[in-house]
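Going by the numbering used here, the sequence shown opens with residue 238, and the numbers climb by one from there. Note that the Cβ used here is the ideal one computed from N, Cα and C, for glycine as well. Some notes on the structure that comes next.
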Amino acid sequence: MDVRTALKQGIAQLREAHVPSYTLAAELLLLHVLGRDRAWLYAHPEAELAPPDAQRFAALLARRAAGEPTQHLTGKQEFWGLEFEVTPDVLIPRPETEHLVEVALDRLAVREIRASRPPKTQGAGLLIADVGTGSGCLAVTLAKELPGATIFATDVSAAALAVARRNATRHGVAARIHFLACHLLDALPPVGARHAVPAPFDISPVTNHQSPVTSPESRFLDLIVSNPPYIGRREAPTLPREVREHEPELALYGGEEGYELYADLIAQAAAHLKPGGLLVLELGHDSLPAVRPLFDFPAWTNVAVTNDLAGIPRVLAAERTS
Ligand SMILES: C[S@@+](CC[C@H](N)C(=O)[O-])C[C@H]1O[C@@H](n2cnc3c(N)ncnc32)[C@H](O)[C@@H]1O
Numbered sequence: 238m239d240v241r242t243a244l245k246q247g248i249a250q251l252r253e254a255h256v257p258s259y260t261l262a263a264e265l266l267l268l269h270v271l272g273r274d275r276a277w278l279y280a281h282p283e284a285e286l287a288p289p290d291a292q293r294f295a296a297l298l299a300r301r302a303a304g305e306p307t308q309h310l311t312g313k314q315e316f317w318g319l320e321f322e323v324t325p326d327v328l329i330p331r332p333e334t335e336h337l338v339e340v341a342l343d344r345l346a347v348r349e350i351r352a353s354r355p356p357k358t359q360g361a362g363l364l365i366a367d368v369g370t371g372s373g374c375l376a377v378t379l380a381k382e383l384p385g386a387t388i389f390a391t392d393v394s395a396a397a398l399a400v401a402r403r404n405a406t407r408h409g410v411a412a413r414i415h416f417l418a419c420h421l422l423d424a425l426p427p428v429g430a431r432h433a434v435p436a437p438f439d440i441s442p443v444t445n446h447q448s449p450v451t452s453p454e455s456r457f458l459d460l461i462v463s464n465p466p467y468i469g470r471r472e473a474p475t476l477p478r479e480v481r482e483h484e485p486e487l488a489l490y491g492g493e494e495g496y497e498l499y500a501d502l503i504a505q506a507a508a509h510l511k512p513g514g515l516l517v518l519e520l521g522h523d524s525l526p527a528v529r530p531l532f533d534f535p536a537w538t539n540v541a542v543t544n545d546l547a548g549i550p551r552v553l554a555a556e557r558t559s
């Protein structure tokens, strides 16, 4: 069978199984089996599909038709133009999360302009935290965009941190990312140790939920980004099966309502951001009414919300006052 016929049959099979974006899914699976790119596929429609490749393609189509996400079958997803390894241990990076990177980079630049300083295009000396790093897509992207920055990437899932570390290595930024297994920011280096951040280290899960860092001098982060779990458990039945049955619960659910983690996250951020430091958060589709009031305190200023391409309030950014 030639590749064009194989692709046509694959598309028909996935359409019949009601797979979303069935054409793209079939194409990605075939390209994965062939180890080729799309340009090759369309330049060589008559190429013969070797029997072992045909068998592998059939097996992948069957798994996709049964609900496994395409990214779990190919093991990868693009984010910010970079390829990330994904496994069932991490959330598959979503395009809307790229808005978080855009907002963070814009706000960092604006902060320098307001302070009449030249923008730190290389991020020299910036200390950044990515809370709930998952695949590491945010930490790695920021490390690539800001080659002078140091990043703390936290997650409660040790399995996710292993994937994030491999992605950091793949993109050549592992030396500047410290992976921490902890709740939110609990395992950040203690006050006084921050000038001597060691080579990438791991700290075992910490259960202390208090934020010990309070005085302006002791706060040292310039930027905190987070795409926390924000789906409500009560919404689970409405999720696509690809998400509900295959993505990690830890990455999806923030609690019964969904927004439960934000209050603790914002309180911890206030305790770690230096004056003028930035917090940039991804929001669930209906999180804004619950999250916005958490910034009505003197600790925060310049609060702004950015919509995603679907018009949903998706990113909230705020600046720590003194
Ligand atoms: C929605 S995923 C985001 C992953 C990645 N940052 C992204 O944008 O694709 C949320 C991540 O937060 C982690 N997580 C859940 N609860 C956490 C907590 N209390 N502290 C730290 N990380 C947590 C999950 O394991 C998961 O990797």
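When only Cα atoms are considered, ALA411 and PRO512 end up about 28 Å apart.
For a cut-off of 8 Å, the C-beta gap from GLY369 to VAL400 is around 13 Å, too long to register as a contact. Between ligand 1 and the CB of PRO466, the shortest heavy atom gap is smaller than 7 Å. Per DSSP, reduced to three states, the secondary structure at SER463 is strand. TRP537: member of the beta strand (DSSP E) spanning 537 to 544, first to last residue. In terms of Cβ geometry, LEU278 and LEU297 do not form a close pair [threshold 8 Å]. It is roughly 40 Å from the alpha-carbon of ALA346 to the alpha-carbon of LEU266. Looking at the DSSP output, ALA366 sits in a beta bridge with PHE389, ILE461.
With a cut-off of 8 Å on Cβ pairs, the stretch 318 to 333 is not in contact with the stretch 353 to 368, counting fewer than three such pairs.
In the three-state scheme derived from DSSP, where H, G and I count as helix and E and B as strand, ASP501 is classed as helix. Restricting attention to beta strand (DSSP E) runs no shorter than 3 residues, the stretch 299 to 362 encloses them at 313 to 316, 319 to 322, ordered along the chain. Taking the Cβ of ALA397 as the reference point, at least one heavy atom of ligand 1 falls within a distance shorter than 7 Å.
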